[in-house]
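Notes follow the structure.
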Amino acid sequence: MPEHPPPAHGYPGRLLVFEGLDGSGKSTQAALLGKWLQARGYRVFFTEWNSSELVSSTIRRGKKKGLLTPTTFSLLHATDFADRFERRILPPLRAGYLVVCDRYAYTAFVRDAARGCDPAWVRTIYSFAPRPDRVFYFRVPVQVTLKRKIASRLKINYYEAGMDLGLSDDLHESYERFQTRLKQEYERLAESDRFTVVDSTRPVEAIQSELREDLRPMLENFPTGERLVHDG
Amino acid sequence: MTDRTYGTALPGMPSEPLTGKLIVIEGADGSGRTTEVALLKTWLEIEGHAVVDTGLRRSDLVSAEIDRAKQGHTLGATTMALLYSVDFADQLENKIVPALSAGSTVLADRYIYTLMARAIARGASREYARELYGFALRPDLILFLDARPEILLHRAIAKYGSLDYWESGMDLCLSRDLFESFFLYQDRLSREFEWMADEYGFRRVDANRAPEQVHADVQQWVGPLYGGARAVVPRPARKAFRASVSRARR
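Chains as they are written, first to last, in our numbering: chain A, 1 to 232; chain B, 233 to 482.
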C-alpha cells in the first residue's frame with residue numbers, strides 16, 4: 001500500500017499543529033503562540049492530545065491482563081483521537097477558528113510505526129483527519145529531551161519509554177532507543193508531509209518569534225473575531 | 233503471508249499455517265443466526281471437532297466502554313467505528329488466531345462484515361471500512377442468513393415485543409418513527425451486504441424458513457470443509473442432534 005499525505009480540509013478555520021518528541025519544547029511554544037494570536041484578536045481554540053479516560057482505563061486493564069498488542073494499542077489511540085477530532089477539533093475548524101493542536105495524527109503515525117504497524121495502514125485509519133495548514137516540527141536531539149526530562153524530575157512512564165517493545169530492561173536505555181526510533185519516523189514525515197522544521201535547541205524567545213514571523217502571511221487575510229476585550 | 237488476510241497482516245502474527253477452520257455466520261438480528269450457531273456448534277462437536285465460538289463485543293478490553301458509549305450516545309460515528317475495531321482486533325489476536333493455531337474450528341457469530349455495514353450506514357466510506365478491517369483473516373466459509381425485513385420484524389416482535397433502538401438505526405435519525413426507521417436502516421444494511429456478498433464470497437442461505445431447513449442448508453456448505461463425505465449426521469448422533477434443535481428453538 002502506498003502512503004499518501006491526507007487531503008486539505010477546506011473549512012473556514014485554520015489548523016496549526018505542533019509535533020515533536022516529549023521534551024522538545026513544542027507545548028511551551030504552542031501555548032505562547034496561542035496567547036499571541038488571542039491578543040491579536042483572532043478566535044483561537046487550543047487543544048492537546050493527552051490520553052482520555054477511555055484510553056487510559058482500557059490501557060490499564062489491558063496491561064494488567066497482558067492483552068494489548070501493537071494493533072489494539074494503535075486502534076485504541078485512533079479511537080481516542082477520533083473522539084478528540086470529532087468533538088474538539090472539527091467544530092471550531094468549521095466555525096472559523098484558528099485551531100492550535102499540541103500533537104495531531106502524526107504523533108500516532110510515529111508511535112505506531114515504531115511499534116511495527118504498517119505505516120500505510122495507520123494512515124488509512126486516520127484518513128478522517130485532514131491535512132493541517134501548518135505542521136511545526138520541533139527538532140531536537142534525543143539526548144536533550146532526556147536531559148530536560150531528568151531536570152524537570154518528570155517520571156518516564158512505561159509506554160513513553162516503549163517498554164512494551166522489550167528493547168531493554170533498563171528504563172532510561174529503553175527510553176533512549178524508543179525515542180530514537182520516533183525521531184527517525186518524525187524525520188521521515190518531515191520530508192513526506194512537508195513539516196515546517198523548527199530547530200528547538202535555541203532559546204524559547206528566538207523560536208517563538210520565528211513562528212510568529214512564519215504565520216504572518218497566512219494571518220494577513222484571516223478575519224479577527226469581535227473584540228470582546230478592548231484594546232488597552 | 234498477506235493472503236491469509238484481506239490487506240496488511242498484523243505485526244506479531246504466527247508465521248506457521250493456521251490449521252483450524254474459520255466459519256462466519258452473518259445475518260441481521262432475527263435472521264436466526266444465534267440459533268444456527270448453536271446448532272452448528274453441536275453438530276461439529278458431535279462430528280469430533282473442537283469448536284470455539286466468538287461474536288462481536290465480547291472482548292474484555294473495551295466491551296464496557298462500548299456499553300457506556302451506547303448509553304450516553306455521545307460518541308461520533310468515526311469514534312464508534314474505531315471503538316468496535318479495537319474490540320474486533322482484540323478478539324482476533326487473543327482468541328481467534330490462538331484457536332485456529334491450535335487446530336480448532338472458530339465459529340464466528342458475525343464478523344467484520346456487520347461492523348463494516350454499520351459503519352458505512354453511519355457515513356464511513358466503503359473504502360475506509362475495507363481498509364480499516366484489512367487485517368482480518370479471510371474465513372474459510374461465510375454464510376449469510378438472508379431473511380426479508382418483514383420476517384425480521386415479526387421475529388423481533390415475537391421475541392422482545394418491540395424493536396431495538398440500535399437495530400432500528402434510531403441514532404441515524406432516518407425517521408422518528410421506530411418502525412419506519414427499522415425498514416430504512418435494514419435497507420441500508422442490505423445494500424452494503426449486497427456488494428460485500430460478491431466481493432467477499434458470501435454463501436447465501438434462505439433464512440425465511442424454519443431452523444431445521446436453514447441448518448440442513450448450512451450443513452451442505454460446512455460438510456465439504458472437513459473432507460465433505462459426511463455432510464449427514466451419523467445415526468447415533470441424530471437423537472442428540474434433534475434434542476439440541478429443540479433446545480435451541482426454545
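The C-beta atom is built at its ideal place from N, Cα and C for all residues, glycine as well. Keep in mind it's a predicted model, so treat the numbers as computed, not measured.
If you reduce the DSSP assignment to three classes, tell me which class Ile156(A) lands in. Locating residue 156(A) in the first sequence gives position 156, where the first residue counts as 1. Three-state DSSP puts Ile156(A) in coil, outside helix and strand.
Whose Cβ in chain A lies nearer than 8 Å to the Cβ of Ala321(B)? If you number the second sequence from 1, residue 321(B) lands on position 89. Simply Thr69, Thr71, Thr72 and Leu75.
Using three-state DSSP, classify Leu369(B) as helix, strand or coil. Translated into positions along the second sequence, residue 369(B) becomes position 137. Looking at Leu369(B) - three-state DSSP - the assignment turns out to be strand.
Give the interface partners of Val318(B) over in chain A, defined as CB-CB distance under 7 Å, in chain order. For the purposes of this step, residue 318(B) is identified with residue 86 of the second sequence, where counting begins at 1. Result: Thr72, Leu75, Leu76 and Thr79.
If I follow the unbroken alpha helix (DSSP H) through Ile89(A), where does it start and stop? Residue numbering aside, residue 89(A) sits at position 89 when the first sequence is read from its first letter. Run containing Ile89(A): none; DSSP gives neither H nor E here.
Chain A beta carbons: is any one of them nearer than 9 Å to that of Leu288(B)? Position 56 of the second sequence holds residue 288(B). Chain A contact via Cβ: absent.
Outcome for Cys117(A) when other beta-carbon atoms lying within 10 angstroms are tallied against a minimum of 16: As a position in the first sequence, residue 117(A) is number 117, starting the count at 1. Counting Cβ neighbours within 10 Å, Cys117(A) comes out buried, since at least 16 surround it.
Listing by chain order, which chain A residues have their CB less than 8 Å from the CB of Thr311(B)? One-based indexing of the second sequence puts residue 311(B) at position 79. Here the neighbours are Thr79, Ala82, Asp83 and Glu86.
Let me know if Leu421(B) comes out buried or exposed under the rule of 16 or more other beta-carbons within 10 Å of its beta-carbon. Working through the second sequence from its first residue, we reach residue 421(B) at position 189. Its Cβ being crowded by 16 or more others within 10 Å, Leu421(B) is buried.
In the DSSP output, which residue or residues are listed as bridge partners for Leu254(B)? The residue given as residue 254(B) occupies position 22 in the second sequence. Leu254(B) pairs with Val338(B).
Comparing the C-beta of Phe109(A) with each C-beta of chain B, is any distance below 9 Å? In the first sequence, counting from the first residue as 1, residue 109(A) sits at position 109. Output row for Phe109(A): interface = no.
7 Å Cβ shell around Leu385(B) - same chain, five flanking residues per side excluded: The residue you call residue 385(B) lines up with position 153 of the second sequence. Same-chain partners within the cutoff: Phe414.
Check whether the segment 291-310 of chain B touches the segment 260-272 of chain B, counting contact only when three or more Cβ pairs, one atom from each stretch, lie closer than 8 Å. no
For Val144(A) and Arg61(A), what's the separation of their Cα atoms in angstroms? Your numbering for residue 144(A) matches position 144 in the first sequence. Your numbering for residue 61(A) matches position 61 in the first sequence. Those two C-alpha atoms are separated by around 33 Å.
Determine whether the beta carbon atoms of Ile125(A) and Leu364(B) lie at a separation below 9 Å. Locating residue 125(A) in the first sequence gives position 125, where the first residue counts as 1. Locating residue 364(B) in the second sequence gives position 132, where the first residue counts as 1. A contact, by the Cβ cut-off of 9 Å.
Under 8 Å, CB to CB, which of the residues in the segment 105-131 of chain A have a partner in chain B? Arg115, Gly116, Cys117, Asp118, Ala120, Trp121, Thr124, Ile125, Ser127 and Phe128
Taking the alpha carbon of Phe85(A) as the point to measure from, which residue in Gly166(A), Pro132(A) and Pro217(A) has its own alpha carbon closest? Along the first sequence, one-based indexing puts residue 85(A) at 85. Among Gly166(A), Pro132(A) and Pro217(A), the Cα nearest to that of Phe85(A) is on Pro132(A).
Which chain B residues sit within Cβ distance under 8 Å of Thr180(A)? The residue you call residue 180(A) lines up with position 180 of the first sequence. Those do not exist, as Thr180(A) stays about 19 Å from chain B at its closest Cβ, beyond 8 Å.
Against chain B, with Cβ distances strictly below 9 Å, would Ser57(A) count as a contact? Within the first sequence, residue 57(A) is the residue found at index 57, counting from 1. With 9 Å as the cut-off, Ser57(A) counts as an interface residue toward chain B.
If you count every other CB in all the chains shown that lies within 10 Å of the CB of His77(A), and 16 or more means buried, which is it? Within the first sequence, numbered from 1, the residue matching residue 77(A) stands at position 77. By the neighbour-count rule (16 or more Cβ atoms within 10 Å), His77(A) is buried.
Let me check one thing: in DSSP terms, what residues is Cys101(A) bridge-paired to? Residue mapping note: residue 101(A) aligns to position 101 of the first sequence, counting from 1. Answer by DSSP bridge pairing, in chain order: Val17(A) and Thr47(A).
Indicate the three-state DSSP secondary structure (helix, strand or coil) for Thr311(B) in the structure shown. Along the second sequence, read from residue 1 onward, the residue named residue 311(B) stands at position 79. If DSSP states are grouped into helix, strand and coil, Thr311(B) belongs with the helices.
Per-residue DSSP class, three states only, for Leu406(B): By 1-based counting over the second sequence, the position of residue 406(B) is 174. In the structure shown, Leu406(B) sits in coil (DSSP, three-state: anything other than H, G, I, E or B).
Looking only at its chain, what residues have a beta carbon closer than 8 Å to the beta carbon of Thr72(A), apart from the 5 residues adjacent to it on each side? Counting from one through the first sequence, the residue named residue 72(A) turns up at place 72. The residues are Gly62.
With a floor of 3 residues, list each beta strand (DSSP E) that falls wholly inside the segment 129-153 of chain A, ordered by position along the chain. 134-139
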